[in-house]
């Protein structure tokens with residue numbers, strides 16, 4: 490049986506050889522994303538839900554809301570909870586059991602892209618100061634893993650939040666009325682945060698890798714931006730990134746993000 | 048007083064059913080099954096080496112099912128991870144499928160079946176089993192036949208087919224609601240049977256006949272979806 494967890498050496502050599510000529514197996518340039526297909530409202534019991542397909546990578550993201558108590562240090566502010574599950578259904582390399590590091594990191598990085606960009610105005614999600622606030626759950630599930638789950642998850646989270654409708658709430662019984670479908674959306678900023686993740690393979694930097702490419706990358710950098718501000722970053726994996734490379738990444742991100750924005754624009758209205 | 052169904056269905060009428068094969072490209076076999084507002088997806092990986100090794104069987108391959116619901120598939124968010132309920136349904140699903148599988152040619156291996164409920168409106172275990180049977184066939188696992196799962200029940204005193212969420216968990220009048228999910232092979236062997244509620248033997252006999260009849264309907268939908276997946280490949 491083949492090891493499903495690795496790109497074969499011969500393929501790896503060929504990928505690197507191609508990158509030397511600024512080419513990739515699927516004909517993309519080094520800084521091109523795959524086509525993005527989006528379907529919203531895929532799970533009707535969620536307050537908002539979306540399926541994002543990027544090439545063969547596919548994620549399902551849903552928003553649920555419930556009423557709870559605020560944290561002591563932010564009595565006027567709603568809560569955000571982002572979790573990710575790498576479903577064994579989505580790849581032979583994911584197994585059942587409690588979330589392992591890759592799932593935890595995916596949830597946390599996506600959390601920060603949303604939270605730090607101030608995309609959601611959490612003060613507007615306060616029902617009663619110090620007592621009752623909305624908690625917004627964003628749950629991310631992989632459906633088919635073919636690389637770059639980070640950026641697919643962030644796009645999914647943003648569009649699911651955009652589509653979410655706040656359920657009804659009865660302050661007397663303190664019950665959330667999930668069956669009552671309001672038309673009230675979440676308090677969101679006009680601009681949306683988008684993340685892109687650069688992957689370093691040898692001396693090359695690429696975005697939106699397929700799994701084959703992701704497997705042989707030595708390091709990655711995720712940048713979350715809203716407008717022209719960078720609001721979250723994460724460098725992942727073992728290898729170091731040279732200062733010049735990091736600057737290249739930081740300076741190049743905005744251009745790529747605006748291209749991604751164009752691809753998903755029509756779902757942001 | 049006889050019970051009248053809220054969605055206007057006849058008592059022996061299934062919800063609209065949809066099936067599609069090949070929904071997860073990474074998997075060896077996969078399928079989606081939808082009944083009304085309930086949507087299940089299933090993916091099959093294997094036969095592959097059984098881990099942990101001590102669970103290997105040198106005489107035959109094994110099937111291992113994992114059923115779980117997506118956190119936002121229901122109104123009140125479910126905490127991610129396996130619950131007691133999903134653990135039981137996983138095992139029930141395994142038992143429902145095992146009798147039709149021919150795994151003696153694959154010693155020491157496991158066929159993993161992962162079922163996720165995307166959207167829940169009752170009957171999720173039936174939808175899951177239907178999707179899983181199709182995914183196994185799509186993966187080319189040797190099978191004697193498919194299996195088909197349908198639930199029937201009793202609303203107060205009226206027998207009905209394929210309960211939706213209101214009928215399954217919110218209806219409280221008279222004798223309340225009884226839910227009986229059943230899985231069968233096309234030649235009429237029952238591989239899974241559960242019952243929750245209150246019903247007499249005579250009515251239960253009727254239920255079984257009702258389910259057997261509608262299993263044939265669903266079976267045709269499953270077969271059709273599998274055929275279509277081959278035609279698409281040309």
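Protein chains in written order, with the numbering used here: chain A, 490 to 758; chain B, 48 to 281. Virtual Cβ for every residue (Gly too), placed ideally from N, Cα, C. Keep in mind that this is a model prediction, so the values were computed, not measured.
Taking the alpha-carbon positions, what's the residue 691 of chain A to residue 160 of chain B distance? Start at 1 with the first residue of the first chain, and residue 691 of chain A comes out as number 202. Start at 1 with the first residue of the second chain, and residue 160 of chain B comes out as number 113. Using only the alpha carbons, I get a separation of about 38 angstroms.
### Query
What residues in the segment 55–76 of chain B have a beta carbon less than 9 angstroms from any beta carbon of chain E?
Of the chains in the structure shown, none is chain E; the protein chains are A and B.
*asked:* Beta carbons nearer than 7 angstroms to chain B: which residues of the segment 574–585 of chain A have them?
replied: 574, 576, 577, 578, 579, 580, 581, 585
Going along chain B, which residues have a C-beta under 9 angstroms from residue 531 of chain A?
For the purposes of this step, residue 531 of chain A is taken as the residue at position 42 of the first chain. Correct list: 86, 165, 166.
In chain order, what residues of the same chain lie with their CB nearer than 7 angstroms to the CB of residue 202 of chain B, ignoring the 5 residues before and after it? Position 155 of the second chain, counting from 1, holds the residue named residue 202 of chain B. Once the five neighbours on either side are set aside, the close Cβ partners of residue 202 of chain B are 50, 214, 218, 224.
Does residue 211 of chain B pass the burial test, meaning 16 or more other C-beta atoms within 10 Å, or should it be called exposed? Counting from 1 along the second chain, the entry for residue 211 of chain B is found at position 164. The residue in question, residue 211 of chain B, is buried, as its Cβ has 16 or more Cβ neighbours within 10 Å.
Problem - Beta-carbon proximity list for residue 490 of chain A, same chain, < 7 angstroms, skipping 5 on both sides - result: Counting from 1 along the first chain, the entry for residue 490 of chain A is found at position 1. Its pLDDT being 40, under 50, residue 490 of chain A is placed unreliably by the model, and the measurement read from it follows with that caveat. Hits under 7 angstroms: none found.
For the segment 588–598 of chain A against the segment 615–626 of chain A, do three or more pairs of beta-carbon atoms, one drawn from each stretch, fall closer than 8 angstroms, so that the two count as touching?
no
Item to check | The beta strand (DSSP E) enclosing residue 194 of chain B, as first and last residue numbers | outcome: On the second chain, position 147 is the one that residue 194 of chain B refers to. Residue 194 of chain B -> no beta strand (DSSP E), and no H or E assigned at all.
Can you tell me which of A:688, A:750, A:716, A:636 puts its alpha carbon nearest to the alpha carbon of residue 729 of chain A?
-> Looking up residue 729 of chain A in the first chain gives position 240. When only C-alpha atoms are compared, the closest one is A:688.
Would you report the Cα separation of residue 745 of chain A and residue 607 of chain A, rounded to the nearest angstrom? As a working note, residue 745 of chain A is residue 256 in the first chain. As a working note, residue 607 of chain A is residue 118 in the first chain. Taking the straight line joining both Cα atoms gives about 21 angstroms.
inquiry  = Contact between the segment 552–566 of chain A and the segment 525–538 of chain A is defined here as three or more beta-carbon pairs at a separation below 8 angstroms; is this criterion met?
reply    = yes
For residue 87 of chain B, count the other beta carbons within 10 Å of its own beta carbon; 16 or more makes it buried, fewer makes it exposed. Which is it?
Your numbering for residue 87 of chain B matches position 40 in the second chain. Residue 87 of chain B is buried by the Cβ-count criterion.
(Q) Can you tell me whether residue 64 of chain B is helix, strand or coil according to DSSP? (A) If you number the second chain from 1, residue 64 of chain B lands on position 17. Residue 64 of chain B: strand per DSSP, three-state reduction.
Starting from the C-beta of residue 241 of chain B, find all residues in its chain whose C-beta is less than 6 angstroms away, skip the five residues before and the five after it, and write them out in chain order.
The count along the second chain starts at 1 and reaches residue 241 of chain B at position 194. Cβ neighbours of residue 241 of chain B beyond the five flanking positions: 228.
* Under 8 angstroms by beta carbon: chain A residues contacting residue 117 of chain B -> As a working mapping, residue 117 of chain B is identified with position 70 in the second chain. 532, 549, 551, 628, 630, listed in chain order.
Exercise for review: State yes or no: is the C-beta of residue 616 of chain A within less than 8 angstroms of the C-beta of residue 658 of chain A?
Suggested key: Your numbering for residue 616 of chain A matches position 127 in the first chain. Your numbering for residue 658 of chain A matches position 169 in the first chain. Cβ atoms of residue 616 of chain A and residue 658 of chain A: closer than 8 angstroms.
Open item on the list: Let me confirm a value: residue 660 of chain A is counted as buried when at least 16 other C-beta atoms fall within 10 Å, else exposed. Which label applies?
Closed with: Sequence index remark: in the first chain, residue 660 of chain A carries index 171 (1-based). Exposed, since its Cβ has fewer than 16 Cβ neighbours within 10 Å.
Whole angstroms are fine: how far does the CA of residue 135 of chain B sit from the CA of residue 246 of chain B?
Counting from 1 along the second chain, the entry for residue 246 of chain B is found at position 199. Counting from 1 along the second chain, the entry for residue 135 of chain B is found at position 88. Distance between the alpha carbons of residue 246 of chain B and residue 135 of chain B: 23 angstroms.
Closer than 8 angstroms by beta-carbon distance: list the chain A residues that pair up with residue 92 of chain B, in chain order. Counting from 1 along the second chain, the entry for residue 92 of chain B is found at position 45. Simply 577, 581.
Pair within 8 angstroms by beta-carbon distance, residue 546 of chain A and residue 756 of chain A:
Your numbering for residue 546 of chain A matches position 57 in the first chain. Your numbering for residue 756 of chain A matches position 267 in the first chain. Contact flag unset, no.
Can you list, in chain order, the residues of the segment 553–572 of chain A whose Cβ is nearer than 8 angstroms to any Cβ on chain B? 553, 555, 572
Continuous beta strand (DSSP E) stretch holding residue 633 of chain A: start and end: The residue labelled residue 633 of chain A in the question sits at position 144 within the first chain. Residue 633 of chain A -> beta strand (DSSP E) spans 621–633.
- Message: Using only the alpha-carbon positions, how far apart do residue 237 of chain B and residue 670 of chain A sit?
- Response: Here the question's residue 237 of chain B lines up with position 190 in the second chain. Here the question's residue 670 of chain A lines up with position 181 in the first chain. C-alpha separation (whole angstroms): 41 angstroms.
Inset, instruction - Using a Cβ cut-off of 8 angstroms, pull out every chain A residue sitting near residue 121 of chain B, in sequence order please. - result: In the second chain, counting from the first residue as 1, residue 121 of chain B sits at position 74. By Cβ distance, chain A contributes 534.
- Query: Beta carbon of residue 62 of chain B, beta carbon of residue 82 of chain B: below 8 angstroms?
  - Reply: For the purposes of this step, residue 62 of chain B is identified with residue 15 of the second chain, where counting begins at 1. For the purposes of this step, residue 82 of chain B is identified with residue 35 of the second chain, where counting begins at 1. Against a cut-off of 8 angstroms, the Cβ pair of residue 82 of chain B and residue 62 of chain B comes out as a contact.
Review point. Are residue 642 of chain A and residue 548 of chain A touching if we call contact CB-CB under 8 angstroms?
Key: Counting from 1 along the first chain, the entry for residue 642 of chain A is found at position 153. Counting from 1 along the first chain, the entry for residue 548 of chain A is found at position 59. Going by C-beta atoms, residue 642 of chain A is nearer than 8 angstroms to residue 548 of chain A.
request  = Write down every uninterrupted run of the alpha helix (DSSP H) in the segment 52–108 of chain B whose length is 4 residues or greater and which is fully enclosed by it, in chain order.
outcome  = none
What does residue 132 of chain B reach in chain A if we use C-beta pairs closer than 7 angstroms? Here residue 132 of chain B refers to the residue found at position 85 when the second chain is read from its first residue. Simply none; closest approach about 16 angstroms.
Under 7 angstroms by beta carbon: chain A residues contacting residue 80 of chain B: Locating residue 80 of chain B in the second chain gives position 33, counting from the first residue. The premise fails here: residue 80 of chain B is roughly 14 angstroms from chain A at the closest Cβ pair, so nothing lies under 7 angstroms.
Near-chain B residues of the segment 583–611 of chain A - C-beta to any C-beta below 8 angstroms = 585, 587, 588
task: Enumerate in chain order the residues of its own chain whose CB-to-CB distance from residue 591 of chain A is below 7 angstroms, with the five nearest sequence positions on each side excluded.
output: For the purposes of this step, residue 591 of chain A is identified with residue 102 of the first chain, where counting begins at 1. Here the set comprises 575.
Can you find the residues in the same chain that come closer than 7 angstroms, C-beta to C-beta, to residue 97 of chain B, ignoring five residues on each side of it along the sequence?
Here residue 97 of chain B corresponds to residue number 50 of the second chain, with the count starting at 1. For residue 97 of chain B, where only same-chain residues beyond five positions count, the Cβ hits under 7 angstroms are 103, 109, 155, 156, 157.
Quiz item: Going by the CB atoms, is the gap between residue 197 of chain B and residue 261 of chain B shorter than 8 angstroms?
Solution: The residue labelled residue 261 of chain B in the question sits at position 214 within the second chain. The residue labelled residue 197 of chain B in the question sits at position 150 within the second chain. Yes. Within cutoff.
Self-check item: Endpoints, the beta strand (DSSP E) within which residue 708 of chain A is located
Solution: Within the first chain, the letter at position 219 stands for residue 708 of chain A. 708–715 is the extent of the beta strand (DSSP E) around residue 708 of chain A.
query: At what residue ranges does the segment 686–757 of chain A contain a whole run of the beta strand (DSSP E), taking only runs of 3 or more?
result: 693–696, 708–715, 718–725
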